[in-house]
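Chains as they are written, first to last, in our numbering: chain X, 442 to 712; chain H, 256 to 504; chain P, 46 to 262. Note that CB positions come from ideal geometry on N, CA and C, so glycine has one too. Note sheet for the following structure.
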């Protein structure tokens, strides 16, 4: 029995790989009901009138792209389909390419014009200082956008000279940026804040949901899948739920089997 | 013998990868363009990184170091275009040296620039002490800014919902029990983290309850961590099956 | 010299700390202007920190190459990747770096086809190791570890669609775990960390915590 605990780990790797590939290729439907925190973000966007200003902070880089990029795309679909003005920015040096790609590809599907309907302000260092700077004066924090346009000339930014003027801010976070937005942004400038984060960070965000410092949360690929289902744009995240379900079950079976073997051999040794 | 077999596996894998790509390009599944070659490079790097799962090898190390280098280059270039150019070069340097510029130089920017340069002197043996001025400015500012905001956002705002009335009308019994449980959990976890008092008697009992709350929370975090890591893997396999092989729609 | 090296930094930290903490409670225009200027300066200084990181990394790999430390050949690829990216980045599609950033250049190509796939894959490897570690080491040896294990299994099942198929109660239990015991523990930790952060900030302002000065005189 004990030999089962010492199997070559590459066998486990192979099982996981095959399970992911097979469950991606075999198509079967799974229910993806939206949880309350995901509904929080969705309902907020639904409640905003046309032309409202929504800011997206793309605070992730390629290492978390597989979880957060589907969220960004689904959220952008929702915003553009409701004719909201979208402003993008990032605290991460590795994010501009991903943010630029997501914004332009989704905007083009809704015939949105850069500068008028949406803009990408790019990256700026500073974290907390940047947020405070944006709260005090948006144009001083971002004198130019990602492409070098003077931000004072961008129609989409008209009426948004501080974070106070935003109707909603959505942070896509792979690090501690949600906490930074809450402490240095929302606390003083009182904008509505929602977030999407990697699954690893998900449990840490629950205190902010209950205190209403976050009005909604998309946690990990599951959160992205729920949002894709809500906005009827099923893509990577929804199809990713098949392997996610299958491999979770496999890992649970591994854990149970490992425990059974462990306690059986221990009992046999003590007998 | 072992080295030979490893070499054969490496050559065999590379050979197979080349053949598959030739087939994909010849059959039109991958475009014969920069983007097509980019997808092949991306797939190659993905396999090179996953080869580590078999054993540590040169292909993995090359991919890893190349990634570090490109990320570093990207960071520097983005820092130039998104920060140095719009925040210092355009408002300060250009108007100082160009007569055609309509705007006056923003001389006030010299002060933070100097502090920034002082920070870089950390690597100088003689002048590294100047970097202390910058660190003092940044750390002092950060400390001052954070105190009132952390008190307000993380302490007062977080205590409020934990102290809300158990019965104020409209709640179910279950939600009232949950409110009490949350209050018990917060207090017991805080007590567990007080190390200046011996965990005996009532304090010990509360601290024990705190451990149980923490264990459930760590279990939840573990479950979410498994979920997150798997999502990353699923994303990569989706890339290989859809973007590279064209098997998925 | 000691005054310049030690006393002045302590004064700067004290003045900035007290000034910015007081500023929060003063809604006057002058106070707001000060906050805007200082936050702008601070983020400009923060931008220079990028170059500290870049220098450290270049220096580390240069030392490996120079001293022929085992595996030094791989460090050449760090330089290769960085130099190629810097060249294409500053060439800026033929418009050069003093003009605004151009879209769709070789610089972007390197990002999309080297940095993105390699970065995403490196971090996804952890999926395999976490699965293997769960099988080999996740044991219900004590009461506490049993609670942890059961909570983990319920959350893992309740957070994926298959949980609904097994039983409608599993997602409900997972939701309860997240919204009650998990929330309470995370809030306890958050309150503890916040109190610690405030105490550290006060120690910095009053010169008790001086590790930011580094070593030496």
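Rounded to the nearest whole angstrom, the CA to CA distance from residue 498 of chain H to residue 296 of chain H is 12 Å.
In this structure, residue 49 of chain P lies away from residue 648 of chain X, with their beta-carbon atoms at least 8 Å apart. Within the same chain, and ignoring the five residues on either side of residue 695 of chain X in sequence, the residues whose Cβ sits closer than 8 Å to its Cβ are 453.
As the crow flies, the alpha-carbon of residue 260 of chain H is around 48 Å from that of residue 335 of chain H.
Residue 315 of chain H places its beta carbon less than 8 Å from that of residue 306 of chain H.
When 8 Å is used as the limit between beta carbons, residue 140 of chain P is near no residue of chain H, the shortest such separation being about 11 Å. Going by DSSP, residue 494 of chain X is part of the beta strand (DSSP E) stretching over 494-500. In the DSSP annotation of this structure, residue 528 of chain X is not part of any alpha helix (DSSP H); the continuous beta strand (DSSP E) holding it starts and ends at 526-531. Residue-level contact check: residue 160 of chain P touches chain H, since one or more beta carbons of chain H fall below 8 Å from its beta carbon. Bridge partners of residue 559 of chain X according to DSSP: X:527 and X:555. Interface annotation, residue 451 of chain X: in contact with chain H, CB-CB separation under 8 Å. Within the same chain, Cβ atoms closer than 6 Å to the Cβ of residue 562 of chain X are found at 530, 583 and 586, the five residues on either side in sequence being excluded.
For residue 609 of chain X, the uninterrupted beta strand (DSSP E) segment begins and ends at 609-614.
Among the residues of the stretch 484-511 of chain X, those with a Cβ less than 9 Å away from any Cβ of chain H are 502, 503, 504, 505, 506, 507, 508, 510 and 511, in the order of the chain.
Within 9 Å of the CB of residue 481 of chain H, the CB atoms of chain X belong to 640, 688, 689 and 692, in sequence order along the chain. Within the stretch 420-459 of chain H, complete alpha helix (DSSP H) segments of at least 4 residues are found at 428-447, given in chain order. Residue range 117-136 is occupied by the alpha helix (DSSP H) that includes residue 134 of chain P. Bounds of any beta strand (DSSP E) do not take in residue 501 of chain H, whose DSSP letter is neither H nor E.
Between the alpha carbons of residue 145 of chain P and residue 135 of chain P lies a gap of roughly 11 Å. The stretch 47-65 of chain P and the stretch 240-253 of chain P touch, with no fewer than 3 CB-CB distances between them shorter than 8 Å.
The C-beta separation of residue 120 of chain P from residue 110 of chain P comes to about 5 Å, placing the pair in contact by the 8 Å criterion. Residue 351 of chain H and residue 362 of chain H have their C-alpha atoms roughly 9 Å apart. Sorting H:321, H:444, H:282 and H:466 by C-alpha distance to the C-alpha of residue 187 of chain P places H:466 at the top.
Around the beta carbon of residue 553 of chain X, 16 or more other beta carbons lie within 10 angstroms, which makes this residue buried.
Residue range 634-638 is occupied by the beta strand (DSSP E) that includes residue 636 of chain X, with no alpha helix (DSSP H) assigned at that position. Your pair residue 461 of chain X and residue 488 of chain H checks out as a contact, with CB atoms roughly 6 Å apart and the cut at 8 Å. Short of 6 Å from the beta carbon of residue 140 of chain P, and not among the five residues preceding or following it, lie these beta carbons of its own chain, in chain order: 147. Along the stretch 163-181 of chain P, the positions whose C-beta sits under 9 Å from a C-beta of chain H are 163, 164, 165, 166, 167, 168, 169, 170, 171, 172, 173, 174, 175, 176 and 179, read in chain order. Taking 8 Å as the CB threshold, residue 422 of chain H stays off the interface with chain X. Per DSSP, residue 102 of chain P is one residue of the alpha helix (DSSP H) stretching across 74-111. Residue 496 of chain X and residue 611 of chain X have their C-alpha atoms some 6 Å from each other. Fully contained in the stretch 384-418 of chain H are the following alpha helix (DSSP H) runs of length 4 or more, in chain order: 385-405 and 412-417. According to DSSP, residue pairing for residue 659 of chain X in a beta bridge involves X:637.
DSSP places residue 345 of chain H within a helical segment (H, G or I) once states are collapsed to three. Between the stretch 82-92 of chain P and the stretch 338-345 of chain H, the count of Cβ pairs shorter than 8 Å is three or higher; the stretches touch. Around the Cβ of residue 374 of chain H, a 10 Å sphere holds 16 or more other Cβ atoms; the residue is buried.
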